[in-house]
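*Asks:*
Number of protein chains: 4
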Amino acid sequence: MAELQFDTYGKTAVRLTYVDRTNPRHEVRELSVSIFFEGDFRDSYFTGSNSSLLPTDTMKNTVYVLAKQLRWADIETFGRGITGHFLSRVPDVHQVTVQIEQVPWERIGEHAAAFRQAGTERRTAEISATRSGRQFTSGIRGLQVLKTADSAFAGFIKDEWTTLGETSDRLFGTVVSADWTYSRLDLDFNGTFTQVRDTLMQKFATHQSLSVQQTLFAMAEAVLAGCPAVQEIHLTLPNKHCLLVDLERFGIENPNQIFMPIDEPSGYIEARVMR
Amino acid sequence: MAELQFDTYGKTAVRLTYVDRTNPRHEVRELSVSIFFEGDFRDSYFTGSNSSLLPTDTMKNTVYVLAKQLRWADIETFGRGITGHFLSRVPDVHQVTVQIEQVPWERIGEHAAAFRQAGTERRTAEISATRSGRQFTSGIRGLQVLKTADSAFAGFIKDEWTTLGETSDRLFGTVVSADWTYSRLDLDFNGTFTQVRDTLMQKFATHQSLSVQQTLFAMAEAVLAGCPAVQEIHLTLPNKHCLLVDLERFGIENPNQIFMPIDEPSGYIEARVMR
Amino acid sequence: MAELQFDTYGKTAVRLTYVDRTNPRHEVRELSVSIFFEGDFRDSYFTGSNSSLLPTDTMKNTVYVLAKQLRWADIETFGRGITGHFLSRVPDVHQVTVQIEQVPWERIGEHAAAFRQAGTERRTAEISATRSGRQFTSGIRGLQVLKTADSAFAGFIKDEWTTLGETSDRLFGTVVSADWTYSRLDLDFNGTFTQVRDTLMQKFATHQSLSVQQTLFAMAEAVLAGCPAVQEIHLTLPNKHCLLVDLERFGIENPNQIFMPIDEPSGYIEARVMR
Amino acid sequence: MAELQFDTYGKTAVRLTYVDRTNPRHEVRELSVSIFFEGDFRDSYFTGSNSSLLPTDTMKNTVYVLAKQLRWADIETFGRGITGHFLSRVPDVHQVTVQIEQVPWERIGEHAAAFRQAGTERRTAEISATRSGRQFTSGIRGLQVLKTADSAFAGFIKDEWTTLGETSDRLFGTVVSADWTYSRLDLDFNGTFTQVRDTLMQKFATHQSLSVQQTLFAMAEAVLAGCPAVQEIHLTLPNKHCLLVDLERFGIENPNQIFMPIDEPSGYIEARVMR
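What follows is the structure, encoded as structure tokens:
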């Protein structure tokens, strides 16, 4: 009577710190890896037979083994290696998806082996592979930026419940989430990541913004123009509001100086842009 | 050169506490409401013209006004009312999606006007509507459950990196996420929610589990069998591991008594089941 | 030149799930245990000699061993046992403090071995012991309550920057933190905990509140009156604001029905009350 | 019968973004301000009379007004101004404590008005003032650092439940919390903050660590030696463990390359050091 329409299983949040000691000047990479299998696992749902299941605990062990055995310097290459391993190892799996989130560590000064965590920003990658093909998506989460000039919002629809005033000068704060796909894969993924990230920040900083939408599109366009290997980019720019505090009721001027930042609610602007 | 493939905008996390004072015995509903518009908003991205945009601040105001003006006792009905309002109001919008999350408050004893927040669990609803039709999804997030008997895991694939032992008696803890759709909508949504939730917990409690997958399917089947209005159910059951602590290295027996619960990593089991 | 004024070391957040299988009807206790040593550990700071240090990793192992070896049914007794062990074991330690936080699990219906996590509330205990004496503190964290009637706030100081109106009917929401000490220790700690918690909720529910301060004191008084073994109680009641939404600017009445709950800022009221 | 032993009230988490537009090159300061009053407020607890209470809502308004009216470039000076205001304004208050947490924003490149949030680290200040004196404490929270060389731990106590091995080469990760007081107050607080922070990071990076305790003391000593205005420093260095993954059970070497970082449990080392 009941029918299985879709199913997947795997392991999430396998945490890993890799220390590259090849040179006296160490490198550190901290990752959180998630793995998802799709395939023919119906028996486990219907009969409780686990004969087609690789335990998720083994997935975890495998992440640690492959971190050591594979040659990788970026999360895209590591993720691809993990998908390849499982596809060759588990017959009933048809598709393996690996999601990796990298925690940024920056060197302290020029010290060979001391690092500072660079904050809440994360670099991400998702590699989804079958026996006949692969898809790579790279991304950023949690890039918090704010501009205090060159942001306006006016000319919008007003109805009887609209209280927002038009403004030619507001604060514009957002937390950039970006995901992009590639037109070719023989790439320096680390270099491309840095280039996309810098382009997003530069365009955000310099854009004469008439709306979050317009700035989002300008940022996407700049990435497509500047990074030829990027095929498509998906951006989410929540509008993290900073409300101007009403001091005039106390007879005090507040020429865009004193604001109250709020976490909730947020505006939400999302778009996918391709060549 | 750059082309807009998909776009949406809206407001997230509009928080609302509604106090029903119709009777001396008050009722409280605490919600977080998010609204997403899809439609013809290309100009705002390309030219910065905002003439087709209803500000997200107005969306927020509208939620509060409609909370007062609509007649509603469940989040599905409230969400439907919000979608209808915006579709009739904003010409360029083609689809409105409303997501609502309800924070559970329980009455303290039999007091008329005193309540206790019942925890991290949330009730959810998503209503997505165009001018020609609507889709309702109801759900649960964060229902944390644990069984200390009747859970086994054995007969799985072993490879050279498998260290997990077979077990006929493990702890099985999970945090249920469920979403379901309906075959008809002339429903008591509050009653249906309670019935789905109770059915999920009962089946989890009584199932002789051979795997998380098998229990997930049994829970889905039980909902479809017991709740005729439910068309399809989507369940995510992370396996929140409790590791048996190795006391034998100290010469001390540990017959499934002392465990270490861990947050990361988790197993992850997800499936969608329909009639 | 530099002098050590105070130092402590230990282990925090040792997580433990204890399954009592004595009866077919299982019991579950989930704890997070922290341990702090004070004593003569100056050499470790000055010379790097670790000869007086018990590793914090051993503290963790010990928690698991003692969870099995001690006879305990409440966190106060378990904590006392841990302090006693370390004081007898480590010569250079003068004082051991154990903090325990218990996650509440409720039985699902009458099932023998299935449980539901009861939310964000936590029961706490702190036992601080030297070779000559001990101090017990028990507590609650995260008890979220709300009353929709019988709460006023008026007659306060007004200055030129006061905009708050007087009110005879506001929402009063808070997250109770409570800590209490005992006048005697030959107690049923579980029963006492339940009694203190119930008393706090009952008094919160029934009090005709003229301010958070007055309700706080009434709650403390009720505990001291009803629980003879409690010597002193310390309460923190943040005022979790629910702002009345201004619908009158739209010509719509809002007779204390539609509110916006906010997380920040909060009022903050704290007091310690003793017999 | 019940007696008030201690009481305080105030407002927590008043959030404020200040934009300094004096020059075309803007400056941004984001703060979260908390205020606590101690004084003669007994009537509000006993009788519900609020005639001695300044509402916490007025405290919030006052923070915004003073942010505009005071001349301040650092949180210590702003906090001092707030304490002074309330002491002169509210007769029944005896002591005002202001805690401020600053969110770090860094300029994006050389842009005049665009910023990036620099992460989870926070700068803090606490100013506690009566009508006869003041105390200043400055601090850091959430400075996450990691060293991959020059950290050992050996020679510690072993008992029958010790399983930790001695090591001459481990990862040492921590999240620095620091608080310091001053011997004089005619200071450049911003410059002093930068100097203390840099000194803590430099010493952490270069120290040949035999234990967290020894490194903590070395860091404190370095601050006292390098920053003459600092009177006393209080440091908390949790030991955020990175566990070496056991690959040898698979016949694979792991020469300190592959680690599993864990959040819980943590070691905990805390000390206060003065001249």
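Residue numbers (my numbering), protein chains in the order written: chain A, 1 to 275; chain B, 1001 to 1275; chain C, 2001 to 2275; chain D, 3001 to 3275.
All C-beta atoms in this analysis are idealised placements derived from N, C-alpha and C, irrespective of residue type, glycine included.
Being a predicted model, the structure only gives us computed values, none of them experimental.
(1) Mind checking Pro1261/B: buried by the 16 CB within 10 Å criterion, or exposed?
(2) Tell me which same chain residues have a C-beta within less than 6 Å of the C-beta of Gly2119/C, skipping the five on either side of it?
(3) Going along chain B, which residues have a C-beta under 7 Å from Ile269/A?
(4) Just reading off the alpha helix (DSSP H) that Thr1148/B is part of, what are its end residues?
(5) What does Glu253/A reach in chain C if we use C-beta pairs closer than 9 Å?
(6) The alpha helix (DSSP H) spanning Val63/A covers which residue range?
(7) At a Cβ cut of 8 Å, what residues of the segment 1115-1140 of chain B count as close to chain C, listed as they run along the chain?
(8) Run down chain C in chain order and give the residues with a C-beta less than 9 Å from the C-beta of Arg3015/D.
(9) Should Phe1259/B be flagged as near chain C, meaning a C-beta pair shorter than 7 Å?
(10) Whose C-beta lies closer than 8 Å to the C-beta of Phe3217/D among residues of the same chain, with five residues either side of it excluded?
(11) If the cut is a Cβ gap below 8 Å, which residues of chain B does Trp3161/D touch?
(12) Quick one: which residues of the segment 1069-1094 of chain B get their C-beta closer than 8 Å to a C-beta of chain A? List them in chain order.
(13) Tell me the DSSP secondary structure of Ile82/A in three-state form.
(14) Give the secondary structure of Val90/A by DSSP, where H, G and I count as helix, E and B as strand, and everything else as coil.
(15) Could you pull the start and end residues of the alpha helix (DSSP H) that Gln1214/B belongs to?
(16) Does any CB atom of chain D fall closer than 7 Å to the CB of His207/A?
(17) Would you list, in chain order, the members of the segment 2038-2056 of chain C that have their beta-carbon closer than 8 Å to a beta-carbon of chain D?
(18) Please tell me whether Cys1227/B and Val1196/B are closer than 7 Å, where the distance is taken between their beta carbons.
(19) By the DSSP assignment, the alpha helix (DSSP H) with Val1196/B in it spans what residues?
(20) When you compare the CB of Leu2144/C with every CB in chain B, is at least one pair closer than 7 Å?
(21) DSSP on Glu1030/B, reduced to helix/strand/coil?
(22) Mind checking whether Gly142/A and Thr124/A have CB atoms under 7 Å apart?
(23) Does the beta carbon of Arg170/A come closer than 7 Å to any beta carbon on chain B?
(24) Answer with buried or exposed for Ser132/A, where buried requires no fewer than 16 other C-beta atoms within 10 angstroms of its C-beta.
(25) On a Cα-Cα basis, can you pick out the residue from Ser3209/D, Phe3086/D, Ser3051/D and Tyr3045/D that is closest to Val3276/D?
(26) In terms of alpha-carbon separation, which member of Phe1172/B, Arg1134/B and Phe1136/B lies closest to Ser1151/B?
(27) Decide if the segment 1095-1109 of chain B is in contact with the segment 199-209 of chain A; the criterion is three or more beta carbon pairs, one per stretch, under 8 Å apart.
(28) Less than 7 Å between CB atoms is the rule here; does Val2245/C satisfy it with respect to chain B?
(29) Compare the C-beta of Ser3211/D with all C-beta atoms of chain C and state if any pair is closer than 7 Å.
(30) With 7 Å set as the bound, which would you pick, yes or no: does the beta-carbon of Glu166/A sit closer than that to a beta-carbon of chain E?
(31) On the criterion of 16 or more Cβ atoms from any shown chain inside 10 Å, does Glu160/A qualify as buried, or is it exposed?
(32) Rounding to the nearest angstrom, what Cα-Cα distance links Asp1954/C and Asp2198/C in this structure?
(33) Following the continuous beta strand (DSSP E) through Asp2999/D, name the residue where it begins and the one where it ends.
(34) Within 7 Å of any Cβ in chain D, is that where the Cβ of Phe2006/C sits?
(35) Interface residues of chain B around Arg2275/C at Cβ under 8 Å?
*Replies:* Considering the structure as presented:
(1) buried
(2) Nothing listed; no residue qualifies.
(3) Tyr1009
(4) It is not in any alpha helix (DSSP H) - Thr1148/B carries neither H nor E in the DSSP assignment.
(5) Near Glu253/A there are no residues of chain C at all, since even the closest Cβ is about 15 Å away, more than 9 Å.
(6) Thr56 to Gln69
(7) Phe1115, Arg1116, Gln1117, Ala1118, Gly1119, Thr1120 and Glu1121
(8) Glu2264 and Pro2265
(9) yes
(10) Ala3271 and Val3273
(11) Phe1250
(12) Arg1089 and Val1090
(13) Here Ile82/A carries a helix assignment [DSSP, helix/strand/coil].
(14) coil
(15) Val1212 to Gly1226
(16) Under the 7 Å criterion on CB atoms, His207/A is classed as non-interfacial with respect to chain D.
(17) Listed in sequence order: Phe2041, Ser2044, Tyr2045, Phe2046, Thr2047, Gly2048, Ser2049, Asn2050, Ser2051, Ser2052, Leu2053, Leu2054, Pro2055 and Thr2056.
(18) yes
(19) Phe1189 to Thr1206
(20) In the sequence under discussion, the amino acid at residue 2144/C is Gln, which differs from the Leu named in the question. Chain B, which has a Cβ nearer than 7 Å to the Cβ of Gln2144/C, makes this yes.
(21) Looking at Glu1030/B - three-state DSSP - the assignment turns out to be strand.
(22) Contact annotation: Gly142/A and Thr124/A have beta-carbon atoms that are not nearer than 7 Å.
(23) no
(24) exposed
(25) Residue 3276/D is absent from the structure shown; chain D starts at 3001 and stops at 3275.
(26) Phe1172/B
(27) no
(28) Closer than 7 Å: yes.
(29) Closer than 7 Å to some Cβ of chain C, the Cβ of Ser3211/D qualifies, so yes.
(30) Included in the structure are the protein chains A, B, C and D, with no chain E among them.
(31) exposed
(32) Residue 1954/C is absent from the model: chain C starts at 2001 and stops at 2275.
(33) Because chain D in this structure spans residues 3001 to 3275, residue 2999/D falls outside the shown range and cannot be described.
(34) yes
(35) None at all; the shortest Cβ gap to chain B is about 27 Å.
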